[in-house]
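So the sequence shown is residues -26 to -1, 1 to 1145, counted in mature numbering (1 follows the signal peptide of the UniProt record, and there is no 0). We treat Cβ as the ideally placed atom computed from N, Cα and C, and that holds for glycine. These notes are about the structure you will find just below.
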Amino acid sequence: MAAAAATLNLLLYLFWISLLFLFSGSLQLCVKEERKALLSVRSGFPVVDRGLSPWEGDDCCSWERVGCNIIGHVIELDFSLIIYTFDNVFIRNEVHPSLFQLKQLQYLNISRNDFDGRPIPSSIGSLNQLQRLDLSSCDFGGEIPHQLGNLSHLRHLSLSDNRISGKIPASFVHLRNLQFLYLDTNNISGEIPKNIGNLRYIERLFLSGNQIEGVIPKSIGNLSKISVLDLSDNRIVGGLPETIVNLTALQNLDLSYNDIDGKILASFVHLRNLQFLYLGFNNISGEIPKNIGNLRHIQGLFLFNNHLEGVIPKSIGNLSKMSVLDLSDNRIVGGLPETIGNLTELQKLDLWGNQINGKIPEAIGNLTALQILYLSDNQINGKIPEAIGNLTALQNLYLSDNQINGKIPETIGNLTAMQNLELSDNQISGKIPDSIGNLIQLEFLDFRGNNISGSIPGTLGSLCNLSGILLSDNSITGRVAEFFEKLSRCRTNKLLLVDLDSNQLSGPFPSHFERLQRLTDLDLSFNQLSGSVPASLGNLSALESLYLYSNHLVGDITEAHFANLTSLQYMDISGNNLSVKVSQDWLPPFQASEIQMGSCNLGPRFPTWLRNQTSLSDLDISNNGISDAFPDWFWSLCLSEMWLNVSHNHMRGMLPRSLECFKNVSSFDLSYNNFEGFIPRMQLWNAYLDFSHNAFSGPIPKSMFGEFSISYLILSNNKLNGSIPTSICTIRDLQMVNLANNELSGTLPDCWGNASSPMIIDVSNNKLSGGIPKTFGLLAILQSLHMNNNSLFGIIPSTLQHCNELVVIDLSWNKLFGIIPNWFGRRLSTLRVLSLRSNNFTGAIPQQLSLIPSLQVLNLAHNNLFGSMPSSFGMFSSMMTSQNKNESTPLYDDSFYYKESVIITIKDLDLLFTTSLSIVTGIDLSNNNLSGDIPIEITNLHGLRFLNLSMNHFSGNIPDKIGLMGQLESLDLSTNNLSGRIPMSISSLYSLSILNLSYNNLIGKIPTGSQLQTFTNLSYIDNPKLCGEPLQIRCPSDIPTIDNGVTKEEDMHEDDEYERIWYFIGFAPGFVFGFWGFIEKERKTTEPPGFLQSSSSHHQYPNLHLENVKVHLSSWISVASFTFVQCEANGVSEQVASFTFLKAMAWLVVDLSSSRRGIVICVGEGFRNRR
């Protein structure tokens, strides 16, 4: 029966075909109404209309881009375009309503047209036979009409690349036959519909490039047939749903460029068909799953720009089909696993921007298919492996910003496919290998910031495909001219960029530029090039930037040097001995943005050739001997975002009252000139403004502040008067204010709570009055505060303790009073300079000051302080050791534009320390009412260079251990009540150049020896009982007297043994071994104590048995009869020359003259002295 039915159906089909054939001459296949509708639709697409051939004949089914079914209904219409414009004019389209009469349409494509933001017609939802609808790249706007949900037969829907906004219609879940949905590259917002899982036949879903928010719905796991899911470049948040692992048909998953967080699911390994996984640019954390190696079909793994931690799992080596692995910009640690060598099909490996350490494994040489290798910006150390030479397919190698050391291997020459080679900012040393010349495809070479030495290899000059070579910041030597000479031999030279700055290149300036006609950037700064600059430089017509700063170049720069430099935009030839000599009416052939000609002998006239440089944004003509005023035409240039430096000239005259036509000035440096008059109004943006060291007068203009942005405001050393405007507190981005050395008056503004927290404030040497503003305490990052030499009064406000990053405080020469706050020590732990001198402070010096570990300079002189000097001052750790810093080392990070200074009084002279301040250490407590002993703990400050305790009431002895303060250069203890002898150890202060002990009650003989011989009597005057050179008073022991043929000197010889020995210390320090101590008690005996006497004869080697003897200070013994002396304590000894003594606990002083007299001093407990 079934066969009979099939036969009947076939006969009916043939019957109808026969009828159509018989009556084809009279039947019209195209439906008349649809034909008319098509003509109307075509009129709405003028670009398509012009591109199509004419529609002729009555049968619309034969028309181009129209398709019909067997009974003449239009079922296909393709009005898509390849191009968007016609005659370079955009032609707008519109959807004619007649389109919706084509009720049988199954395929509609009007993509790549322009509807100028019009919404998608909702009537499309009436074409309910549609199976494929393509409206992509049509510039549709508005929202997606919900009527599209009526197209139940739809299998393919593309609305991508439009301006569609709004949410995804809920009605879309009714499109149950949908297989392909493209909504990417629009402005769609809202969340992914929670019931998206109803689209069970979907195979490809593209929602990328929108503004979709919310989380990925769990129902996504119902899309069991999906092979491509792209939700990238949205605002999706939350973690990855567990249900995503149900998508077992998934081959391509792209969730990159969202805000997805959480961890990578370990269950991801169940997506066994996954070939490409994109999770980059999210907030995913945690470790890479250890079982990642189970994704055996993975070809591309992209996890870049996340917060991944931990190590690269060893199982990564199982992904043998991997062609791209990108884990860049994460926090991955550990070394590269050896298993990475198993990825033999890998073409790109990108691990840039992690914390990977260790060495590059030799197994890297197995990746013979590798074309791109990014390992930059990690912590990789060790050498570049020789096996790198096996990667013969490698085109791009990036190892910059690591800690790689050693030499560049010769095998680098095997990489003949190499195009980009970057090894910058490492610790690579040695020479550039000659084999580098084998890289004939090399286009870009970057070895900057290493320790490479030797000359540039000649083979490098044969790489004619090079477009850029960067070798700056190395130690490369040799003659650079030879390198350029070899490069110029290339028939077709592609070189664009040469950066060789900061090396040790020498010899004459290169002259072989004939074939370097494409060169755009040349930087030879900071080298040792000599001779003149050849005029052939002017033939580089493509040159855009020229930097020759800081060499030894000499001679004239003339118009010929610039003759053909028509493209020049950036030039810096400062820091040489060049002279720019051009005529006043010269017209440069270029329009430059940056001209740096500092110290180029441009003066005395202002260069008029600048007049046509209307594009300037950076001009430096400093230190050129220019004595003109600014010409009027310069101000009429009205340049924008200008950097101007005319400092260190002799320029004069007044500035215009307004410079507001100079828009958004970035830097104005007019310092060290002779400008006068008022400071002009100007528009400043994040500006560096330096008008210091001129003769500007009048008030500071309020209009400078307010809405403008100034980073550095430097108006010091002028004649400015009036008060400081309160609008200074409203300056945005302010980092430094320097108004020092003017005639400013009034009170300091107390409005700093509104300020942007400057780091440096200097208002010193003015006529300011009133108190210190309390709102200074709101400047959280203030580092330097100078208010010295004013008339400020009141107490130091307690709010200042909140400025806990302060490094320098100078409040000296004011009228401040009250006690010195103890919170200086408790809260300002970073303080290095504290100067409160010449005020009216009272009370005791707070012991808490010793809690400031970094304090180097403390100046409390000329106050009314009383009490004792705190013994805790011996705990200043920065004064206990010598400062190993370079003199130019700044005190804090942001002191490049500001020279810190402090005044230290030496020998009644106020000396200003600036550039060397970082190595200065000093304490000045002079001119107070301090009393008591000088604490012995002060001698712990072995790194102290200046100590001034003069003009006080100190009493007692000078500490015997003062000789330990080996860095002292100036010591002033004058005008006190000191008594006792001058310690012999003072002769150990070899750096001492200034000494003042005058006006005290010191007694005894002045020590002699070394530098003490250089001081005059002024260092000791008005000490009545002091004797010896350089005073005119002779000591009794120095006066010979006759008594029965025996001089008094001979008679007192042994009684004066103690003074003889200290004479040897002072006068002959070369015979002092290990002196480290002091003697407080004077003992003059002709025989040693009984317990030290030896029974041995003069010619024998006597043994002294002295064990477990406790001594308070010292034990004495004459060594006239000993040839070998040893002091021991706790069984430790040290031998020097022919004597052995205890290190740091015993010292030996021996007179090696014919009398063989000397003394052994042992200090400590439990020592014994023998032989």
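Please state the DSSP three-state secondary structure of residue i.
| i | result |
| --- | --- |
| residue 148 | helix |
| residue 913 | helix |
| residue 721 | strand |
| residue 20 | helix |
| residue 733 | coil |
| residue 377 | strand |
| residue 706 | strand |
| residue 493 | coil |
| residue 935 | helix |
| residue 40 | strand |
| residue 482 | strand |
| residue 945 | strand |
| residue 49 | strand |
| residue 814 | strand |
| residue 154 | strand |
| residue 823 | helix |
| residue 1008 | coil |
Have a look at the DSSP bridge pairing and note the partners of residue i.
| i | result |
| --- | --- |
| residue 5 | None, per the DSSP bridge assignment. |
| residue 976 | 954 |
| residue 879 | 884 |
| residue 693 | 671 |
| residue 576 | Partner(s): none; residue 576 has no beta bridge. |
| residue 518 | Note: residue 518 sits in no beta bridge, so no partner. |
| residue 849 | According to DSSP, which records beta bridges pairwise, residue 849 is partnered with nothing at all. |
| residue 159 | The partner list for residue 159 (beta bridge, DSSP) is empty, contrary to what the question assumes. |
| residue 187 | 165 |
| residue 1001 | 979 |
Apart from the five residues on each side of it in sequence, which residues of its chain come closer than 6 Å, Cβ to Cβ, to residue i?
| i | result |
| --- | --- |
| residue 776 | 751 |
| residue 647 | 623, 625, 668 |
| residue 822 | 796, 799, 800 |
| residue 570 | 546, 548, 594 |
| residue 155 | 131, 179 |
Please determine whether the Cβ atom of residue i lies at a distance below 6 Å from any heavy atom of the ligand MN.
| i | result |
| --- | --- |
| residue 898 | No copy of the ligand MN appears in this structure; indeed no ligand is present at all. |
Could you name the residues of the same chain whose beta carbon sits closer than 7 Å to that of residue i, not counting the 5 residues immediately before and after it, in chain order?
| i | result |
| --- | --- |
| residue 959 | 934, 935, 936, 937, 1052 |
| residue 169 | 147, 193 |
| residue 985 | 964, 966 |
Buried or exposed for residue i, please, with buried defined as at least 16 other CB atoms from any protein chain shown within 10 angstroms of its CB.
| i | result |
| --- | --- |
| residue 927 | exposed |
| residue 964 | exposed |
| residue 475 | buried |
| residue 805 | buried |
| residue 43 | exposed |
| residue 40 | buried |
| residue 212 | exposed |
| residue 77 | exposed |
| residue 760 | buried |
| residue 874 | buried |
| residue 827 | exposed |
| residue 535 | buried |
| residue 741 | exposed |
| residue 326 | buried |
Tell me which residues share the same chain as residue i and place their Cβ nearer than 8 Å to its Cβ, disregarding the 5 neighbours each side in the sequence.
| i | result |
| --- | --- |
| residue 814 | 789, 790, 791, 837, 838 |
| residue 695 | 671, 672, 673, 716, 717, 718, 719 |
Extract the residue ranges of the alpha helix (DSSP H) inside the segment 736 to 804, only unbroken runs of 4 or more that lie entirely within it. 797 to 801
As an exercise, report each continuous beta strand (DSSP E) stretch of at least 3 residues that is fully enclosed by the segment 235 to 288, in chain order. 250 to 252, 259 to 261, 274 to 276, 281 to 283
Every unbroken alpha helix (DSSP H) within the segment 599 to 676, with a cutoff of 4 residues, ordered by chain: 606 to 609
Unbroken alpha helix (DSSP H) runs of length 4 or more, entirely within the segment 431 to 464: which are they? 454 to 461
Unbroken stretches of the beta strand (DSSP E), 3 residues or longer, contained in the segment 83 to 138: 106 to 108, 130 to 132
Note down, one range per segment and in chain order, each beta strand (DSSP E) of at least 3 residues found wholly within the segment 387 to 430. 394 to 396, 401 to 404, 418 to 420
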